[in-house]
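Line order of the protein sequences matches chains H and B.
Numbering of the first sequence is given in the working numbering, commencing with residue 10 and proceeding in unit increments.
Numbering of the second sequence is given in the working numbering, commencing with residue 983 and proceeding in unit increments.
Note that beta-carbon positions come from the ideal geometry of N, C-alpha and C, so glycine has one too.
Contents: one structure, followed by commentary.
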Amino acid sequence: MFDRDIWQEIFNTIRKNKLRTFLTGFSVGWAIFILVMLLASVNGMENGFVGQFNDDATNTIFIRPGVTSKAYAGFEAGRRIQLDNDDLEYVRQSFPDDIEYISGRYYTNTTARYKSETGAYPVQGVHPEFQIIEKTIVISGRYFNETDFTNKAKVAVIGKKVAEDLFGKEDPVGKFAEFNGLPFRVIGIFTDEGDDNAERRIYAPLSTYQRLYGNTNIINQIALTYNPTYDLTKALDFSERLEILMKRRQKVSPEDQSGINVWNYAEAFDDISSFTTVLKAIGIVVAFLILIAGIVGIGNIMVFTIKERTKEFGVRKALGARPKQIVNLVLLESTFITTLSGFVGLLFAWVILSLIGPTIETPAFSSPSVRSSTVITATIILIIAGVLAGLLPAIKAANVKPIVALSDK
Amino acid sequence: MIEIKDLHKSYKMGSNSLHVLKGINFTAEEGELVAIMGSSGSGKSTLLNILGMLDGADSGEYNLDNVPIKDLNETKAAQYRNKFLGFIFQSFNLINYKSALENVALPLYYQKVNRKVRQEKALKYLEQVGLKDWATHLPSELSGGQKQRVAIARAMAAEPKVLLADEPTGALDSTTSYEVMDLIQKINDAGNTILVVTHEEDIAHMCKRIVHLKDGVIVEDKKIEQVRAAQYV
């Protein structure tokens, strides 16, 4: 295989038959080009979907209270369920091994003012751990901590857009802004990969807001992340246990879907992963079918070539070429052409992707790219394709009877 | 050198079978130059194909340089052809995308001779046939006579025991034919065994022995006074 003479023969043949070689290679190069583009597109879609979700930690569970839809345990349907600090503590203590971080969420709105600028923004009262659950990235200053929380400090972490709106070019960190007339010290600014709306938001300690709103202990939602080592099955199992516990505690019928809702990211994420997996599978199948067409094309041209070279193979055999040597020659030639043209297709696809890829940035489709695993797979496919395409013609060539090949009739 | 005993060969033609060789007995010593003559259908090509191991006989014995040639698989046949035989064809059968030198070197390639030695040997044989200056030319750049001389050089490159020439002058005009025969005679003078299949009387008479085939049997086998081709060149 690494015989210099064989390669010289192959290069010779290729050089003498440029058009034929080009036509042969084109079909496979084209197929690989499509394969890579398809996979990259699916990859881009996947990136798009995941990008919309990676705003939050993917092992998040939300417990959302609602209104019961079934009578249960002596209560009528239509009862509004409310969660409070005790529920949160109860959950935290019930699942010490399952829960990684847990935080309450208290929603409200505020009119914020700094000097002459005002604006209305949603405020969320949360625990310090919420930073990790929501993957909030603080770009300046800091998030509030346990001390702020215990002291019910009037501190706030504001979104980047809020900072721009209210403070303009001033650095907000350390300054005081009025939220519904009460002074809050801005201690940090955050950014969010999700979208602009997420950056028009204000976070403050849950305890502070509970005190401000009449010493309540109500929370609107419990957000938690489970043990990150859990796989999907374990995660789903945990969220079910959680749901049963919460329903029992709030006396909600186990069949009631609206009284308490435990929403697990894993489920949604699982749906999306299976969706992109199916897309990817379709992409691969389609590309493979095209590749098969390419291989048949090469095989076809090789058969024709063999026919054209029948006499040559006859002469070679008369001069002492063994059948194996003929097979090698044809196989190497077809593999070489397939691999080379496949790489050209691959390179072409790669160039196009790196030129236009970074410019595509829509929610559903972002940075399509070729992974190195794709390249390696494609290479292996190419070599196999080359062998397959050349195999039948090669055997045919090796079986050429010199006597038939050399007859002048 | 060549020993053939009671060789039979028939071809299936649909439901009929055509008996082409009906018991050939033939021997050739080392250094002989034998013409095999016969009209078309006499079986001379079939005999040559069997001698050249391109085709197998149905029955009979064939010994080449005391090696029995029987039931060869493709690989073995290829090996024997390479070692024992050099072919010269009517239509030259040079590989058209290889230079004269590469064509001559091809049998040596299949003998796994290393590249440098191969080139040297090939050049030596090209020189013997007077085409050293044409070594880098493609067959398409050569005249018919030159092509046949390259083919002869190629047949000799592997230093075979026997040269088999199938109508070597069939595609050439008479002057060129004599030049080629002159070359074949000189190669024979050097001690090589050569079998020439031809249907041309004058060519046959430039050999040392004529074997006549008719309807699958040898009807005549005589030694003759060789006509030297050099006088016509």
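Residue-level contact check: B/Asn1055 does not touch chain H, since none of the beta carbons of chain H fall below 7 angstroms from its beta carbon. Within the same chain, Cβ atoms closer than 6 angstroms to the Cβ of B/Trp1116 are found at Ala1082, the five residues on either side in sequence being excluded. Contact annotation: H/Tyr110 and H/Glu143 have beta-carbon atoms that are not nearer than 7 angstroms. It is roughly 24 angstroms from the alpha-carbon of B/Met983 to the alpha-carbon of B/Gln1072. When DSSP states are grouped into helix, strand and coil, H/Thr238 belongs to the coil group. Assignment of B/Lys994 by DSSP, reduced to helix, strand and coil, places it in the strand class. DSSP assignment within the segment 244-292 of chain H yields the following whole beta strand (DSSP E) runs of 3 residues or more, N-terminal first: 269-273. Taking H/Ser262 as the centre and dropping the five residues before and after it, the same chain places the C-beta of Lys79 and Tyr81 closer than 6 angstroms to its C-beta, in chain order. For H/Glu98, the enclosing alpha helix (DSSP H) stretches over residues Asn94 to Ser103.
Contact annotation: B/Leu1036 and B/Phe1066 have beta-carbon atoms that are not nearer than 7 angstroms. For H/Ser216, the enclosing alpha helix (DSSP H) begins and ends at Leu215 to Leu221.
Between the segment 377-391 of chain H and the segment 45-59 of chain H there are three or more C-beta pairs closer than 8 angstroms, enough to call the two in contact. B/Leu1015 sits away from B/Ile1200, with the two beta carbons spaced by 7 angstroms or more.
Proximity of the segment 102-109 of chain H to the segment 218-230 of chain H falls short of the contact definition, fewer than three beta-carbon pairs being nearer than 8 angstroms. Nearest to B/Ser992 by C-alpha distance, out of B/Gly1025, B/Lys1190 and B/Gln1101, is B/Gly1025.
Listed in chain order, the positions of the segment 19-31 of chain H with a beta carbon within less than 9 angstroms of a beta carbon of chain B are Asn21, Thr22, Arg24, Lys25 and Asn26.
Fully enclosed alpha helix (DSSP H) runs of no fewer than 4 residues occupy 1056-1066 of the segment 1045-1080 of chain B, in order along the chain. Here the C-alpha atom of H/Ala172 lies approximately 7 angstroms from the C-alpha atom of H/Pro181. With distances taken between CA atoms, H/Lys163 lies nearest to H/Gly197 out of H/Ile146, H/Lys170, H/Gly197 and H/Gln140.
For H/Val324, the closest Cβ of chain B is nearer than 7 angstroms. Taking 7 angstroms as the threshold, the shortest C-beta distance from B/Leu1120 to chain H does not fall below it. Assigned with DSSP and collapsed to three states, B/Arg1191 falls in strand. Exclusion of the five residues before and after H/Ile269 leaves Ile72, Arg73, Pro74, Gly75, Ile90, Glu252, Met255, Lys256, Gln259 and Val261 as the residues of its chain whose Cβ lies within less than 8 angstroms of its Cβ. Between the alpha carbons of H/Glu187 and H/Val195 lies a distance of about 10 angstroms.
Judged by DSSP in its simplified three-state form, B/Glu985 adopts strand. Fully contained in the segment 316-389 of chain H are the following alpha helix (DSSP H) runs of length 4 or more, in chain order: 319-327 and 332-365. In this structure, the straight-line span from the alpha carbon of H/Lys170 to that of H/Gly183 is close to 17 angstroms. Cβ-Cβ separation between H/Arg114 and H/Val135: approximately 6 angstroms, consistent with a contact (criterion under 8 angstroms). One Cα belongs to H/Thr22, the other to B/Tyr1079, and the distance between them is close to 7 angstroms. Across the set B/Ile1051, B/Ala1140, B/Gly1112 and B/Ala1133, the C-alpha of B/Ala1133 shows the shortest separation from the C-alpha of B/Thr1151. Boundaries cannot be given for B/Pro1150, as no alpha helix (DSSP H) includes it and DSSP labels it neither H nor E.
For H/Glu321, the closest Cβ of chain B is nearer than 7 angstroms. Beta-bridge annotation (DSSP): H/Asp174 is not paired with any residue.
Using a CB distance cut-off of 7 angstroms, B/Tyr1079 counts as an interface residue toward chain H.
B/Ala1137 is a Cβ neighbour of B/Phe1069, given a cutoff of 7 angstroms.
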